[in-house]
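Colleague: Heads up: the protein sequence lines correspond to chains P and H, in order. Counting in my numbering, the first sequence runs from 837 upward without gaps. Counting in my numbering, the second sequence runs from 837 upward without gaps. Backbone N, C-alpha and C define an ideal beta-carbon position, used for all residues, glycine too. Just dropping this structure here.
Number of protein chains: 2
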Amino acid sequence: MSTNTVVTLNRTIPSGAPTLQDFKVASGSAPSKGELKTGEILVRTLYLSCDPYMRGRLSGRTDSYVASFEAGKPIDGLGVGVVEASASSDFKEGDMVTGPTFKWATRFITSAAGLTKIPSSSGVPPAYFLGVLGMPSFTAYVGTITLCKPKAGETILVSAASGAVGQIVVQLAKARGLRVVGAAGSDEKVQHIKDLGADAAFNYKTVKSLDSAIKEAAPKGIDIYFDNVGGEFLDVALKNMKPNGRIAECGMISQYNATAESAYHIQNLAYVVMKKLTIYGFIVSDYYSTPAYSEFINEVSGMLKENKIKYKMDEISGLENGPQALLDLFEGKNFGKRIVKVSEPSHRL
Amino acid sequence: MSTNTVVTLNRTIPSGAPTLQDFKVASGSAPSKGELKTGEILVRTLYLSCDPYMRGRLSGRTDSYVASFEAGKPIDGLGVGVVEASASSDFKEGDMVTGPTFKWATRFITSAAGLTKIPSSSGVPPAYFLGVLGMPSFTAYVGTITLCKPKAGETILVSAASGAVGQIVVQLAKARGLRVVGAAGSDEKVQHIKDLGADAAFNYKTVKSLDSAIKEAAPKGIDIYFDNVGGEFLDVALKNMKPNGRIAECGMISQYNATAESAYHIQNLAYVVMKKLTIYGFIVSDYYSTPAYSEFINEVSGMLKENKIKYKMDEISGLENGPQALLDLFEGKNFGKRIVKVSEPSHRL
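Following this line, the structure appears as structure tokens:
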């Protein structure tokens, strides 16, 4: 029986900085095929993702849309792994899978539901499925390509353009021959957006007028607006849309902490009629089971092979170093997308 | 050479009630085939439409989205006719056509652009193309069917449900097995909506709370909202949409006369993200050249033949009676959709 390393949470941390002492890294015996119930699979973990949202899950809060970790139990998150045994008709031994229900363990048993099979034809390193081929990138693909159907020569505006989603929107749109205008909240981020290939970018916090900044960057108007922020930015964007424009409504982060008093009220929605706009609200999880997912994998894999897309990874080796890797992320010590390598993909592939 | 009757405007009427003396009905010689320039057609008029918006065109105003009539010239509007001669590759002799550029004349020459060919397979009286098969009905079809793709068992909410567009939305949706909720601004209109088959209807002017009225009429929420009014009604509808709901954005009449101060500001747009809603702004003229137009003609023709759609027509005979027919409309003396019969369709069909 093989050894299994597991990362467990010792205590929840409602506030303040978590420390190494809040985690336990222990070894025991691995789960075996015989323990599988119908619909379950035994997964060997290859890579785990360290994400900012996990800080909230360490807090013990019960009022969030994502469940907190429990003291005394293994933590979990996004991961990539190989199916070692299956009691589900959806997966067979050797399949590579990804999803948000990966235990921080070398091997674990989980319900097959919620995991997605990675096409064996992808031809890119499996770690990329937590990075450039991961959920934020697919979000960018669904909003930009699947829903807004961009045409070469059109102009796209992206808010939060340096973020995990935004930077892929910029590069996907640029690759398709669009004029790309990005906005972000610091000069460093604006520079990053330009480095990714955007034709124009501005710092929305320092421009005198959002309306003038958009008009200057896109004198002919906006065909597609990829919205990550909502609020005033969306309102001004509505005013600057061209007839038949499309808006991918990915998020409204400017409004999530707003109170009834501070919430921004939209004034320009009548342009939806006057300019024949379409607004697409969407959630990426609805699209994994559609043809859009393999289209995304194919298109972005191709861009990777031809070096046409930039995405910085930051890999830490060994599950025993997982807690420190996560704590460092909360301190901003990562440079690029941080992942933990748990085992070698080549072992069974 | 055949005789041609033409209705001319004597003077523009900026305000007050127009009278018969403001029009001239005169006979002269008809235009002939030899006068056609490339791209033009010679049309014999069958029916002309009397519409409320024509009052604005009598005013001489120059700031409207639709051009005013000019003193001393024939008036024009929506009509149905037969092509008697063509110098356009889009039409041939005998084609039946409809569109908004019909001169109020027995025969006239016009650019082929802007007119639409009526499929000869429609098998319904040509006058219907100014009524149940006319532009407001096609607007209802595009928003409800083409864009929102309704499924049996879903719930649709329609504002201004007794209007030219709304009453067709109600009947199209009902025929497709949806639960239909209509809203209008008088008890008579509410009764009319129920007579058309709506499952629930309310007077939005007299309900205590719009939110409660919608919740009571649609306890499980709204899958499709067909918006004719915008403003507060749209805002409350957003709140009551179900996940994956669709909004057909046909008009925002409540906001068209709003000033900067009185304009309603939308508070609930974040539901577009949270509920994955799609909002479709559209203008019907974009859809005449798409497959939606023949789908509409086929579906509604079929409903007509099976007596599954109600639409009241009010026909006046003779172009010489056209001015009075129009004046009566402005006084509300019509009962149903008012049209003027100019010549017999059977003559050439």
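1. So the alpha helix (DSSP H) H/Ser973 belongs to, where does it begin and stop?
2. Could you tell me which of P/Gly1168, P/Ser1153, P/Asn1157 and P/Lys1148 sits nearest to P/Tyr964, measuring between CA atoms?
3. Of all the CB atoms in chain H, is at least one closer than 7 Å to the CB of P/Thr1095?
4. I'd like the list of long-range same chain contacts for H/Val968, defined as Cβ closer than 7 Å, with 5 residues on each side in sequence excluded.
5. Going by beta carbon distance, what residues of the same chain come within less than 7 Å of P/Arg1184, once the five residues before and after it are set aside?
6. Does the distance from the C-beta atom of P/Glu876 to that of P/Ile954 stay below 7 Å?
7. Which residue from P/Ser973, P/Ile1083 and P/Leu1162 puts its Cα closest to that of P/Asp1059?
8. For H/Thr839, count neighbouring Cβ atoms within 10 angstroms of its own Cβ and tell me buried if that reaches 16, exposed if not.
9. Leaving aside the five residues before and after P/Lys1041 along the sequence, list all residues of the same chain whose C-beta is less than 6 Å from its C-beta, in chain order.
10. Buried or exposed, going by whether 16 or more other CB atoms sit within 10 Å of the CB of H/Ser885?
11. Can you check whether the C-beta of H/Arg1184 is within less than 7 Å of a C-beta belonging to chain P?
12. Would you mind listing the alpha helix (DSSP H) stretches within the stretch 914-1002 of chain P that are 4+ residues and don't spill past its ends, in chain order?
13. Pair every Cβ in the stretch 879-896 of chain P with every Cβ in the stretch 845-852 of chain P, then say whether three or more of these pairs are closer than 8 Å.
14. Since P/Lys1177 is in the beta strand (DSSP E), which residue starts that stretch and which ends it?
15. Please name the residue in P/Lys869, P/Lys1112 and P/Val994 whose C-alpha comes closest to that of P/Gly1033.
16. From P/Val1065 to P/Gly979, what distance separates their C-alpha atoms?
17. Would you mind telling me which residues of chain H sit closer than 7 Å to P/Met1088, beta carbon to beta carbon, in chain order?
18. Drop a sphere of 10 angstroms on the beta-carbon of P/Phe1180, count the other beta-carbons inside from all chains shown, and report buried for 16 or more, exposed for fewer.
19. On the three-state DSSP scale, how would you describe H/Ala853?
20. Do you know offhand how far P/Tyr977's Cα is from H/Leu1113's?
21. Since P/Ala1161 is in the alpha helix (DSSP H), which residue starts that stretch and which ends it?
22. Between which two residues does the alpha helix (DSSP H) holding P/Ser885 run?
23. In three-state terms, what does DSSP make of P/Asn1134?
24. Can you give me, in chain order, the residues of the stretch 851-875 of chain H that have a beta carbon less than 9 Å from any beta carbon in chain P?
25. Of the choices H/Val1016, H/Ala1106, H/Ile1119 and H/Tyr1107, whose alpha-carbon is the least far from that of H/Glu990?
26. Chain P partners of H/Asp1122, CB-CB under 9 Å?
27. Rounded to whole angstroms, what's the CA-CA distance from P/Thr952 to P/Lys1030? Just pull it up for me.
28. Just reading off the beta strand (DSSP E) that P/Ile1060 is part of, what are its end residues?
29. Among P/Ala941, P/Gly915, P/Ala923 and P/Thr942, which has the Cα closest to the Cα of P/Met932?
30. Considering only heavy atoms of the ligand FAD, does any lie closer than 6 Å to the CB of P/Gly1081?
31. Which of the three DSSP states is assigned to P/Met1088 in this structure?
32. Any beta-carbon of chain P closer than 7 Å to the one on H/Gln1091?
33. Following the continuous alpha helix (DSSP H) through H/Lys1051, name the residue where it begins and the one where it ends.
34. If you measure from the beta carbon of P/Ile1115 to each beta carbon in chain H, is any gap under 7 Å?
35. Nearest chain P C-beta to H/Arg1174 closer than 7 Å, yes or no?
36. Where do the N-terminal and C-terminal ends of the beta strand (DSSP E) with H/Leu845 fall, by residue?
Modeller: Checking against the coordinates, here is how it stands:
1. According to the DSSP assignment, H/Ser973 belongs to the alpha helix (DSSP H) that extends over Met971 to Tyr977.
2. If we check each option's Cα against that of P/Tyr964, P/Lys1148 comes out closest.
3. Interface annotation, P/Thr1095: not in contact with chain H, CB-CB separation never under 7 Å.
4. Cβ neighbours of H/Val968 beyond the five flanking positions: Val1136, Leu1140, Ile1145 and Tyr1147.
5. At P/Arg1184, the pLDDT of 43 sits below 50, so the modelled position is not reliable; the number obtained from the coordinates is stated separately. Listed in chain order, the non-local C-beta contacts of P/Arg1184 below 7 Å within the same chain comprise Val918 and Gly930, local neighbours out to five positions each way being set aside.
6. No, Cβ-Cβ distance for P/Glu876 and P/Ile954 is not below 7 Å.
7. That would be P/Ile1083, whose Cα lies nearest to the Cα of P/Asp1059.
8. With fewer than 16 other Cβ atoms within 10 Å, it is exposed.
9. Counting only Cβ-Cβ distances below 6 Å, and skipping sequence neighbours, we find Gly1021.
10. The residue in question, H/Ser885, is buried, as its Cβ has 16 or more Cβ neighbours within 10 Å.
11. Residue placement at H/Arg1184 is poorly supported in this model, since its pLDDT is 43, which falls under 50; the coordinates still yield a value, given next. No, no contact with chain P.
12. Runs of the alpha helix (DSSP H) inside the stretch 914-1002 of chain P: 971-977.
13. Contact between the stretch 879-896 of chain P and the stretch 845-852 of chain P is established, with three or more Cβ pairs separated by less than 8 Å.
14. Secondary structure note for P/Lys1177: its beta strand (DSSP E) is the uninterrupted segment Lys1173 to Lys1177.
15. Looking at the Cα atoms, P/Val994 is the closest of the given residues.
16. Roughly 14 Å separates the two Cα atoms.
17. Under a criterion of Cβ atoms nearer than 7 Å, the residues of chain H adjacent to P/Met1088 are, in order, Ala1106 and Val1109.
18. Looking at the sequence itself, residue 1180 of chain P is Glu, so the reference to Phe does not match. With a 10 Å radius around the Cβ and a threshold of 16 neighbouring Cβ atoms, P/Glu1180 comes out exposed.
19. For H/Ala853, the secondary structure class from DSSP, reduced to helix, strand or coil, is coil.
20. P/Tyr977 and H/Leu1113: Cα-Cα distance of roughly 18 Å.
21. Element bounds for P/Ala1161: Gly1158 to Phe1166.
22. That residue, P/Ser885, is in no alpha helix (DSSP H); its beta strand (DSSP E) goes Glu876 to Ser885.
23. Helix at P/Asn1134.
24. Residues passing the 9 Å Cβ filter: none.
25. With distances taken between Cα atoms, H/Glu990 lies closest to H/Val1016.
26. Correct list: Asn1080 and Lys1112.
27. For the pair P/Thr952 and P/Lys1030, the Cα-to-Cα distance works out to about 33 Å.
28. Start and end: Ile1058 to Asp1063.
29. The residue with the shortest Cα to Cα distance from P/Met932 is P/Gly915.
30. The ligand FAD is not part of this structure, which contains no ligands at all.
31. Looking at P/Met1088 - three-state DSSP - the assignment turns out to be coil, as it is neither helix nor strand.
32. Proximity of H/Gln1091 to chain P, defined by a Cβ-Cβ separation below 7 Å, is satisfied.
33. Where H/Lys1051 is concerned, the enclosing alpha helix (DSSP H) stretches over Leu1046 to Ala1053.
34. Yes - at least one Cβ of chain H is within 7 Å of the one on P/Ile1115.
35. Among the residues facing chain P, H/Arg1174 is not included, as its CB has no counterpart in that chain under 7 Å away.
36. Per DSSP, H/Leu845 belongs to the beta strand (DSSP E) from Thr839 to Leu845.
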